[in-house]
Amino acid sequence: MTVIPRGVFAGGNHGDAALIAVATLLMLALMTMTMLAWTSCLVIDGELLRSLPLNVEGQDTDFGVPGTQKSLQEYHSIYANSKAFREEIPMEELERIGILGEGGFGAVFLCQRKNVPDREYALKRLSKGYIVQANAEKQVCAERDILSMMDSDFIIRFFGSYKDEEYVYMLLELAPGGHLYQLLCDKPQVLLADRPRGYAAMFYCACAILALEYLHERRIAYRDLKLENVLLDKRGYAKLCDLGFARFVLGKTHTLLGTPEYMAPEMIDPPHAHNHMVDWWALGVLTFEMLSGQAPWDSMGIDDNPMGQLLALRESYNQGLPDGFLPASLILARDFIKRLLMVNPQKRLGQRGAEEVKSSGWFKSGGFTFKALIAQEAQPPYQPPPATYSEAPMPKPAQASRESMSEARNKLFVKSHTVDDWARDF
Numbered sequence: 026m027t028v029i030p031r032g033v034f035a036g037g038n039h040g041d042a043a044l045i046a047v048a049t050l051l052m053l054a055l056m057t058m059t060m061l062a063w064t065s066c067l068v069i070d071g072e073l074l075r076s077l078p079l080n081v082e083g084q085d086t087d088f089g090v091p092g093t094q095k096s097l098q099e100y101h102s103i104y105a106n107s108k109a110f111r112e113e114i115p116m117e118e119l120e121r122i123g124i125l126g127e128g129g130f131g132a133v134f135l136c137q138r139k140n141v142p143d144r145e146y147a148l149k150r151l152s153k154g155y156i157v158q159a160n161a162e163k164q165v166c167a168e169r170d171i172l173s174m175m176d177s178d179f180i181i182r183f184f185g186s187y188k189d190e191e192y193v194y195m196l197l198e199l200a201p202g203g204h205l206y207q208l209l210c211d212k213p214q215v216l217l218a219d220r221p222r223g224y225a226a227m228f229y230c231a232c233a234i235l236a237l238e239y240l241h242e243r244r245i246a247y248r249d250l251k252l253e254n255v256l257l258d259k260r261g262y263a264k265l266c267d268l269g270f271a272r273f274v275l276g277k278t279h280t281l282l283g284t285p286e287y288m289a290p291e292m293i294d295p296p297h298a299h300n301h302m303v304d305w306w307a308l309g310v311l312t313f314e315m316l317s318g319q320a321p322w323d324s325m326g327i328d329d330n331p332m333g334q335l336l337a338l339r340e341s342y343n344q345g346l347p348d349g350f351l352p353a354s355l356i357l358a359r360d361f362i363k364r365l366l367m368v369n370p371q372k373r374l375g376q377r378g379a380e381e382v383k384s385s386g387w388f389k390s391g392g393f394t395f396k397a398l399i400a401q402e403a404q405p406p407y408q409p410p411p412a413t414y415s416e417a418p419m420p421k422p423a424q425a426s427r428e429s430m431s432e433a434r435n436k437l438f439v440k441s442h443t444v445d446d447w448a449r450d451f
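Take 26 as the starting number for the sequence shown in my numbering and just add one per residue.
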């Protein structure tokens with residue numbers, strides 16, 4: 026913390042009134058001075074506060090102080106539309122080369138910037154209508170807003186957003202290596218037959234730790250760490266993607282969400298009160314998967330319904346980490362995972378911050394240094410080939426032949442007939 030001596034008169038403050046109103050509503054320690062004196066002030070990051078009204082989990086309707094709501098919305102709009110910190114790339118300058126994949130609410134295209142062929146991007150296209158049908162407006166907006174504030178080598182970079190009548194778009198950093206689940210399925214030897222054994226998992230785990238550290242320092246809980254959300258860039262470095270479930274969390278939030286196999290006990294247990302510590306639990310599951318090829322607790326076949334599966338998983342947590350999946354040579358890795366998978370979050374590795382996780386004996390035993398990783402000097406266990414894509418051009422929405430599409434695929438082209446104010450900042 027940096028301490029800056031500053032004089033404040035009675036009733037005075039340093040900072041914008043709208044930001045102070047947000048901080049007050051969140052019960053942060055902004056104090057009214059009763060006399061001219063030296064005092065200690067809590068300094069709150071302006072970027073964090075400007076985004077709070079829409080992205081604090083469970084707080085979206087709690088900013089009801091008279092005279093502040095309009096100002097807060099204006100601040101959010103100004104910040105969300107500000108592109109001063111990044112290069113502005115008009116959509117007209119993007120040339121679609123092919124389709125990288127489809128899923129969720131839309132498709133992802135490989136794009137190049139016209140006249141700059143060495144600049145490649147991933148253009149994520151999402152159907153407004155499908156988003157509205159799935160009640161996912163908040164999730165999509167949160168991903169855009171939070172991604173726009175990120176500047177980490179271990180989180181997929183955001184270059185801009187666009188919209189048209191039917192879609193919203195996000196221009197993202199290209200990760201040609203795909204995600205870790207693809208790597209585990211297509212090239213299992215990278216993770217399960219590496220030499221020295223466990224280095225690949227250690228490398229990708231360390232990348233995830235640095236990403237989570239960056240998020241947690243900004244009071245952001247990621248809440249969706251899994252193999253499918255860890256992408257590999259062209260060098261083979263791992264980066265987190267898909268921040269739709271990420272939220273600023275001050276204190277605890279009570280939303281039940283995520284992928285069952287990665288959900289921490291406190292997320293499952295009513296009233297689902299949790300914070301960023303759920304990310305360290307998910308890191309334990311992720312690391313176990315990378316080292317063994319399977320999740321520590323398998324929900325398939327446990328029960329016929331999702332909630333039954335979730336409750337059965339929760340019960341299995343109390344039995345501890347299963348034996349026999351990790352070789353004896355990975356005893357330090359097993360200890361690392363076991364400490365991350367503590368049912369009590371107060372006893373979980375990471376309770377004292379990311380430095381506690383990075384200081385694990387597992388990393389020290391392998392001679393791994395986070396300093397080299399941060400400097401991009403660590404050797405990746407695998408270098409992906411160039412991105413593969415379908416060269417068939419994607420038709421424009423008006424030209425798409427719906428008769429040739431399945432019912433599920435039709436949903437990608439559902440037109441939104443509702444007011445789309447939620448997409449105004451795209």
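Quick reminder that beta carbons are idealized off the backbone N, C-alpha and C, glycines included. Predicted model only: the values in this text are computed from it and were never measured.
- Within 10 angstroms of the beta-carbon of residue 332 lie fewer than 16 other beta-carbons, which makes it exposed.
- Taking C-alpha positions only, residue 212 is separated from residue 263 by approximately 16 Å.
- Approximately 40 Å separates the beta-carbon atoms of residue 276 and residue 409; this is outside 8 Å, ruling out the contact.
- Taking a 10 Å sphere around the C-beta of residue 220, we find fewer than 16 other C-beta atoms and assign the residue as exposed.
- Distances from the CA of residue 285 to each of 165, 342, 296 and 259 were compared; the closest alpha carbon is that of 342.
- About 7 Å separates the beta carbons of residue 233 and residue 250, which is inside the 8 Å limit, making them a contact pair.
- Looking at the backbone, the Cα of residue 273 and that of residue 302 are separated by about 13 Å.
- Within the model, the alpha-carbon separation for residue 360 versus residue 374 is close to 11 Å.
- Collapsing the DSSP output to three states places residue 192 in a strand.
- No residue range can be given for residue 266, since it is assigned to no alpha helix (DSSP H) and is classified by DSSP as neither H nor E.
- It is roughly 22 Å from the alpha-carbon of residue 446 to the alpha-carbon of residue 148.
- Contact check between the stretch 396–406 and the stretch 334–341: fewer than three CB pairs, one atom from each, fall below 8 Å, which does not count as touching.
- Secondary structure at residue 123: strand, using DSSP grouped into helix, strand and coil.
- Under the DSSP assignment, residue 304 falls outside any beta strand (DSSP E), being part of the alpha helix (DSSP H) whose first and last residues are 302–317.
- Within its own chain, no residue has a Cβ closer than 7 Å to the Cβ of residue 372 once the five positions on either side in sequence are excluded.
- If one requires a minimum length of 4 residues, the alpha helix (DSSP H) runs lying completely within the stretch 350–387 are 356–365 and 379–383, in chain order.
- Looking only at 117, 170, 199 and 187, the smallest Cα-Cα distance to residue 151 is reached by 187.
- In the assembly as shown, residue 377 is an exposed residue. Its beta-carbon has fewer than 16 other beta-carbons within 10 Å.
- Secondary structure of residue 245 (DSSP, three-state): strand.
- In the three-state reduction of the DSSP assignment, residue 146 falls in the strand class.
- The Cβ atoms of residue 184 and residue 196 sit closer than 8 Å to each other.
- The C-beta distance from residue 315 to residue 172 rounds to 25 Å, too long to fall under 8 Å, and the pair is not in contact.
- Between residue 133 and residue 451, the beta carbon gap of about 16 Å keeps them out of contact (Cβ cut-off 8 Å).
- Minimum Cα-Cα distance from residue 381 among the listed residues 365, 355, 218 and 279 corresponds to 365.
- Listed in chain order, the non-local C-beta contacts of residue 346 below 8 Å within the same chain comprise 313, 321, 359, 362, 363 and 366, local neighbours out to five positions each way being set aside.
- Closest by C-alpha distance to residue 190, out of 153, 412 and 389, is 153.
- In the structure shown, the three-state DSSP call for residue 407 is coil.
- Scanning the stretch 169–225 from its first residue to its last, the whole alpha helix (DSSP H) runs of 4-plus residues come out as 205–211 and 213–217.
- In this structure residue 253 does not touch residue 379 by the C-beta definition: roughly 23 Å separates them, more than the 8 Å allowed.
- By the Cβ neighbour-count rule, residue 278 is buried, with 16 or more other Cβ atoms within 10 Å of its own.
- Taken through DSSP and simplified to helix, strand or coil, residue 272 comes out as strand.
- Residue 334 carries a helical assignment under DSSP once its states are collapsed to helix, strand and coil.
- Our two residues, residue 115 and residue 334, have alpha carbons roughly 46 Å apart in a direct line.
- For the options 167, 256 and 448, the alpha carbon positioned closest to that of residue 205 is the one of 256.
- Beta-bridge partners assigned by DSSP to residue 299: 278.
- Taken atom to atom, the span from the alpha-carbon of residue 131 to that of residue 386 is near 42 Å.
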